[in-house]
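Peer 1: In my numbering, the protein residues as written are 279 to 483. Glycine is no exception: its CB is placed at the ideal position from the N, C-alpha and C atoms. My questions will all concern the structure given below.
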Amino acid sequence: MKIGTVTRRTVGLLFAGMLAASAQTNQMKQASNSTELATLGGGCFWCTEAIFQMLPGVKSVSSGFSGGTKENPTYKEVCTGETGHAEVIQIEYDPKVVSYEKLLDTFWDAHDPTTLNRQGADTGTQYRSVIFYRSATEKAAAEKSKAEAQKRFDQPIVTEISAFKVFYKAEAYHQDFYRNNTNYGYCRAVIRPKVEKFEKKLQPH
Numbered sequence: 279m280k281i282g283t284v285t286r287r288t289v290g291l292l293f294a295g296m297l298a299a300s301a302q303t304n305q306m307k308q309a310s311n312s313t314e315l316a317t318l319g320g321g322c323f324w325c326t327e328a329i330f331q332m333l334p335g336v337k338s339v340s341s342g343f344s345g346g347t348k349e350n351p352t353y354k355e356v357c358t359g360e361t362g363h364a365e366v367i368q369i370e371y372d373p374k375v376v377s378y379e380k381l382l383d384t385f386w387d388a389h390d391p392t393t394l395n396r397q398g399a400d401t402g403t404q405y406r407s408v409i410f411y412r413s414a415t416e417k418a419a420a421e422k423s424k425a426e427a428q429k430r431f432d433q434p435i436v437t438e439i440s441a442f443k444v445f446y447k448a449e450a451y452h453q454d455f456y457r458n459n460t461n462y463g464y465c466r467a468v469i470r471p472k473v474e475k476f477e478k479k480l481q482p483h
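What follows is the structure in structure tokens.
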């Protein structure tokens, strides 16, 4: 997403340079006995992370990469579009409080699933819309949710539904990005309006 002439990708790489000493954790986060995991890609993971962190029943949200061939990729490598990975969030949630179907419903609201390999000014396969399922049940739920969500959009939904393989957590500075950088230009211009819109949706009527 552009702020003036600066793209969101450039912003991320600037942060990477500033925080090059940050330790990168690439171990796959495991759910506890009472929680489950969902992995979704909806463009900029800074944006989708901020949205899902507000959803009741979500225990944690991690930003990272999935769907490619490069092991333990860095943000800079993923930005080249050559790793095959998409920017994703991995959500740890309590299924007794929020269902997988509700996560998918929020997913359609959190980004534009009708733009192929693009969200706003962010372009490339790393920004593709994708649902990574972990079971046949999740696959069926995703396909059903996609069909129902199509009614909300004039253009065809291009979201991929693919089998989950592995999640690589992004560098530390990507985690809780909006919470830690609320006054940063990209956060004010791009993420905050989405967060405020979702906050209104969560308010009881």
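1) I'd like to know whether the C-beta of residue 398 is nearer than 7 Å to at least one C-beta of chain D.
2) In angstroms with no decimal places, state the Cα-to-Cα distance between residue 355 and residue 482.
3) Output needed for residue 455: all residues of its chain with C-beta closer than 6 Å, excluding positions within five of it in sequence on either side, in chain order.
4) Tell me which residue opens and which closes the alpha helix (DSSP H) that residue 329 is part of.
5) Who are residue 365's beta bridge partners in DSSP?
6) Among 375, 443, 311, 437, whose alpha-carbon lies nearest the alpha-carbon of residue 395?
7) Quick check: what's the CA-CA separation for residue 357 versus residue 313?
8) Among 361, 339, 353, 428, which has the Cα closest to the Cα of residue 346?
9) Output the residue ranges of the alpha helix (DSSP H) runs that lie fully inside the segment 457-483 and measure 4 residues or longer, sorted by chain position.
10) Could you tell me whether the Cβ atoms of residue 344 and residue 445 are closer together than 7 Å?
11) Can you find the residues in the same chain that come closer than 7 Å, C-beta to C-beta, to residue 496, ignoring five residues on each side of it along the sequence?
Peer 2: In this structure, then:
1) The structure shown contains no chain D; it holds only a single protein chain.
2) 43 Å
3) 324
4) 323-330
5) 343
6) 437
7) 31 Å
8) 361
9) 470-480
10) yes
11) The structure shown does not extend to residue 496, since the chain spans only 279 to 483, so no value can be given for it.
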